[in-house]
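**Q** First, the structure itself, so that you have it in front of you.
In full-length UniProt numbering, the protein residues as written are 1 to 312.
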């Protein structure tokens, strides 16, 4: 599969503008939004005051404004947070989900397929860092370099009619939508946690490896939930982590993970069979279960051996 399509239009899309846009958003999320430069992007996490995850977002500096998106499972809570805490007199924000669409083109040939349709060279897209931005000259099309899955890709954001045109042009070249099952494999292989799947409203960012994934700055100014995150980083630790599990046969989602003594140490949160890595799952495990540990996965009378791996 040299390239495939992913309909990403259900993701929440927002714009933030105004002189205090960066400061306003930066005061609500874990990463250093103020330090972002035009054309670059980052991941960040919105938290409750108790340091629990509300949403993991992507923030891209478009120069005149900030583009922000997140999974639909986090959309309502994130928008609610913005409406509650962002003063419209200091920063303007708008939900543009209905006014735009987003088409992902992923795979080894993605840049070479997309570039000619937008009057660009594929070398320009190839040179983009993860979450970096390319904009058309008229500003009607944004292309974000995406690393959300285990293969590289481009997320194209534009008016719905323009996305329909681009989709038709790609389909005319034989490019098709990836199946939900294949996309799940690519997501688990990547190890980027999803709200409502691998993490939820009780998750602390470090439990989901969001620090290692570059979504947290430990040098920026204050933000909601910072006290919990900083205390863990500088003086403590979390009691559990997301880890990969490798096995000889598929591991049931929701199954219990136990150690050699039969003590419950976690649960399987997502599970696939990877063409490259075989049966692969993501589990939330007690922190003392280090990479390389052998564990048992149990569901009812079923028991399977698995090996723990760190999510890189």
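A virtual CB, placed ideally from N, CA and C, is assigned to each residue, including glycine.
Is the Cβ-Cβ distance between residue 225 and residue 50 less than 8 Å?
**A** For the 8 Å CB-CB criterion, residue 225 and residue 50 form a contact.
**Q** Do the stretch 178-187 and the stretch 255-267 make contact, defined as three or more Cβ pairs closer than 8 Å?
**A** no
**Q** Can you name the start and end residues of the beta strand (DSSP E) that residue 335 belongs to?
**A** The chain is shown from 1 up to 312; residue 335 falls before or after that span and cannot be answered.
**Q** Could you tell me which whole alpha helix (DSSP H) segments of length 4 or greater appear in the UniProt domain "GCVT N-terminal" (3-120)?
**A** 21-26, 72-85 and 110-114
**Q** Short of 6 Å in beta carbon distance, which residues of its chain neighbour residue 247, apart from the five on each side in sequence? Order them along the chain.
**A** 279, 304 and 306
**Q** At which residue ranges does the stretch 147-198 contain complete beta strand (DSSP E) runs of 3 or more residues, listed in the order of the chain?
**A** 153-158
**Q** If residue 291 sits next to residue 309, beta carbons under 8 Å apart, how far is it from one beta carbon to the other, in whole angstroms?
**A** The pair is a contact, with the Cβ atoms about 5 Å apart (cut-off 8 Å).
**Q** For my contact list, residue 395 and residue 162 are in at a C-beta cut-off of 8 Å; report their separation, rounded to the angstrom.
**A** In the structure displayed, the chain extends from 1 to 312; residue 395 sits before or after that span and is not available.
**Q** Rounding to the nearest angstrom, what Cα-Cα distance links residue 60 and residue 144 in this structure?
**A** 8 Å
**Q** In whole angstroms, give me the CA-to-CA distance for residue 229 and residue 31.
**A** Spanning the two alpha carbons is a distance of roughly 12 Å.
**Q** Below 8 Å on the Cβ atoms is my guess for residue 58 versus residue 131; work out the distance and round it to an integer in Å.
**A** 6 Å
**Q** Indicate whether the contact test is met: 3 or more Cβ pairs, each with one atom in the stretch 78-96 and one in the stretch 116-128, closer than 8 Å.
**A** Taking one beta carbon from each stretch, the stretch 78-96 and the stretch 116-128 have fewer than 3 pairs nearer than 8 Å; the two do not touch.
**Q** Quick test of the definition: if touching needs 3 or more C-beta pairs under 8 Å, does the stretch 14-34 touch the stretch 66-76?
**A** The stretch 66-76 and the stretch 14-34 touch, with three or more beta-carbon pairs separated by less than 8 Å.
**Q** In this structure, does DSSP put residue 233 in helix, strand or coil?
**A** Helix, per DSSP.
**Q** Just tell me which of 283, 227, 293 and 274 has its CA closest to the CA of residue 253.
**A** 283
**Q** Assuming residue 45 and residue 210 form a contact by the criterion Cβ under 8 Å, report the distance between their Cβ atoms to the nearest whole angstrom.
**A** 6 Å
**Q** Just to confirm before moving on: does the CB-CB distance between residue 155 and residue 104 stay below 8 Å?
**A** yes
**Q** Given a cut-off of 8 Å on the beta-carbon distance, is the pair residue 102 and residue 157 in contact?
**A** yes
**Q** If you measure between the beta carbons of residue 133 and residue 41, is that distance less than 8 Å?
**A** yes
**Q** If you reduce the DSSP assignment to three classes, tell me which class residue 275 lands in.
**A** coil
**Q** Spatial neighbours of residue 286 within its chain, please: CB distance less than 7 Å, with the 5 preceding and 5 following residues excluded, ordered by chain position.
**A** 239, 240, 265 and 266
**Q** Compute the distance between the beta-carbons of residue 52 and residue 198, then report whether it is under 8 Å.
**A** no
**Q** Looking at the structure shown, is residue 238 part of a helix, part of a strand, or coil, going by DSSP?
**A** coil
**Q** Just to confirm my understanding: we take residue 74, look at its own chain, exclude 5 residues before and 5 after, and list those with CB closer than 6 Å. What are they?
**A** 55 and 195
**Q** What does DSSP give as the partner residue(s) for residue 258 in the beta ladder?
**A** 264 and 296
**Q** What does DSSP give as the partner residue(s) for residue 270 in the beta ladder?
**A** Paired residue(s): 282.
**Q** Give me the Cα-Cα distance between residue 274 and residue 244, rounded to the nearest whole angstrom.
**A** 12 Å
**Q** Does DSSP put residue 248 in a helix, a strand or coil?
**A** coil
**Q** According to DSSP, is residue 129 helix, strand or coil?
**A** In the three-state scheme derived from DSSP, where H, G and I count as helix and E and B as strand, residue 129 is classed as coil.
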